[in-house]
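Quick note: the sequence shown uses the working numbering, first residue 647, plus one each step. Beta carbons are placed, not taken as given, at the ideal position from N, Cα and C, and that holds for glycine.
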Amino acid sequence: MTERRTSLSRPASEAELQDILGTVLLLDRDGMLNTVWFVAGDLSRLPGYAPEETNICAIADQQKQITCKVDQLTVNTDCDC
């Protein structure tokens, strides 16, 4: 494992992402992805799905944006999104 540091040209997270994608592409190219399992090592970092953990306002806002976009695409009207 190589430690990545932020440089003037790009952040360390971008370099880490490129490493991860390169590894997945290598496994896919060699036909080895079906032998690998990806799991969450720390379940506390996963988002919750309980009703008290759901942001209903964010869901309502996203639904409004989706509805507006569908209206724009089907009727070509202006929508106040």
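*When DSSP labels each residue in this structure, what does Pro697 get in the three-state scheme?*
On the sequence shown, position 51 is the one that residue 697 refers to. Correct three-state label for Pro697: helix.
*Could you tell me the boundaries of the alpha helix (DSSP H) in which Val721 lies?*
Position 75 of the sequence shown holds residue 721. Looking at the DSSP string, the run of the alpha helix (DSSP H) that includes Val721 is Ile702 to Val721.
*Along the alpha helix (DSSP H) that carries Ala686, what are the first and last residues, could you check?*
Here residue 686 corresponds to residue number 40 of the sequence shown, with the count starting at 1. From DSSP, Ala686 is part of no alpha helix (DSSP H); its letter is neither H nor E.
_Contact check, Val682 vs Leu671, beta carbons under 9 Å_ = Working through the sequence shown from its first residue, we reach residue 682 at position 36. Working through the sequence shown from its first residue, we reach residue 671 at position 25. The answer is no: Cβ separation not under 9 Å.
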